[in-house]
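Enquirer:
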Amino acid sequence: LGIGIVKDGVVLSNVRHTYVAPVGEGFMPRPTAKHHQEHILDILRKALDQANIKPEEIDCVCYTKGPGMGAPLVSVAVVARTVAQLWRKPLIGVNHCI
Numbered sequence: 001l002g003i004g005i006v007k008d009g010v011v012l013s014n015v016r017h018t019y020v021a022p023v024g025e026g027f028m029p030r031p032t033a034k035h036h037q038e039h040i041l042d043i044l045r046k047a048l049d050q051a052n053i054k055p056e057e058i059d060c061v062c063y064t065k066g067p068g069m070g071a072p073l074v075s076v077a078v079v080a081r082t083v084a085q086l087w088r089k090p091l092i093g094v095n096h097c098i
């Protein structure tokens, strides 16, 4: 899970919190989504702090639209959509592979 903030091609912040699956289990949708839900708001705060910007300075909100597991993608999309609406910013879904 990560949130990056970029201005004029310069990365101002790139905060991450990696989900580590239990040994022998691999990435399962439900626990991965739970991890994302538990950490995304803290990561968002840290990204804004590290970039030293306020939401008003953000031009748009992008999120991973796919490909990937449905549950983690949906949990992040809900937060991205909520933030975009609260901040009155365009919402852009992007391909995870880019």
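In terms of full-length UniProt numbering, the sequence shown opens at residue 1 and continues consecutively.
Built from N, CA and C at the ideal position, the CB exists for glycine as well.
As the structure is a computational prediction, the values presented were derived from the model and not from experiment.
Once you ignore the five residues that flank PRO67 on each side, which residues in its own chain have a CB closer than 8 angstroms to its CB?
Expert: Indexing the sequence shown from 1 puts residue 67 at position 67. Cβ within range, chain order: ASN95, HIS96 and CYS97.
Enquirer: My output table needs one value for GLY70: the three-state DSSP class, helix, strand or coil.
Expert: By one-based count along the sequence shown, residue 70 stands at place 70. Residue state, collapsed to three classes: helix.
Enquirer: Pick from ILE92, PRO90, GLY93 and VAL83: whose alpha carbon is nearest that of LEU48?
Expert: Position 48 of the sequence shown, counted from the start, is the residue given in the question as residue 48. When only C-alpha atoms are compared, the closest one is VAL83.
Enquirer: Using 10 angstroms around the beta-carbon of ILE5, count the other beta-carbons present and answer buried if the total reaches 16, otherwise exposed.
Expert: As a working mapping, residue 5 is identified with position 5 in the sequence shown. So ILE5 counts as buried.
Enquirer: For ALA33 and PHE27, which I take to be in contact (beta-carbon distance under 8 angstroms), what is that distance rounded to the nearest angstrom?
Expert: Within the sequence shown, numbered from 1, the residue matching residue 33 stands at position 33. Within the sequence shown, numbered from 1, the residue matching residue 27 stands at position 27. Wrong, their Cβ atoms sit about 10 angstroms apart, outside the cutoff.
Enquirer: Would you report the Cα separation of PRO55 and HIS39, rounded to the nearest angstrom?
Expert: For this step, residue 55 is matched to residue 55 along the sequence shown. For this step, residue 39 is matched to residue 39 along the sequence shown. Cα to Cα, the separation comes out at about 19 angstroms.
Enquirer: Could you compute how far the alpha carbon of LYS89 sits from the alpha carbon of GLU25?
Expert: Numbered from 1 along the sequence shown, position 89 holds the residue referred to as residue 89. Numbered from 1 along the sequence shown, position 25 holds the residue referred to as residue 25. Approximately 38 angstroms between the Cα atoms of the pair.
Enquirer: Flag this pair as yes or no: are the beta carbons of SER13 and GLN37 separated by less than 7 angstroms?
Expert: Here residue 13 corresponds to residue number 13 of the sequence shown, with the count starting at 1. Here residue 37 corresponds to residue number 37 of the sequence shown, with the count starting at 1. Contact: no.
Enquirer: Drop a sphere of 10 angstroms on the beta-carbon of THR18, count the other beta-carbons inside from all chains shown, and report buried for 16 or more, exposed for fewer.
Expert: Here residue 18 corresponds to residue number 18 of the sequence shown, with the count starting at 1. Its Cβ having fewer than 16 others within 10 Å, THR18 is exposed.
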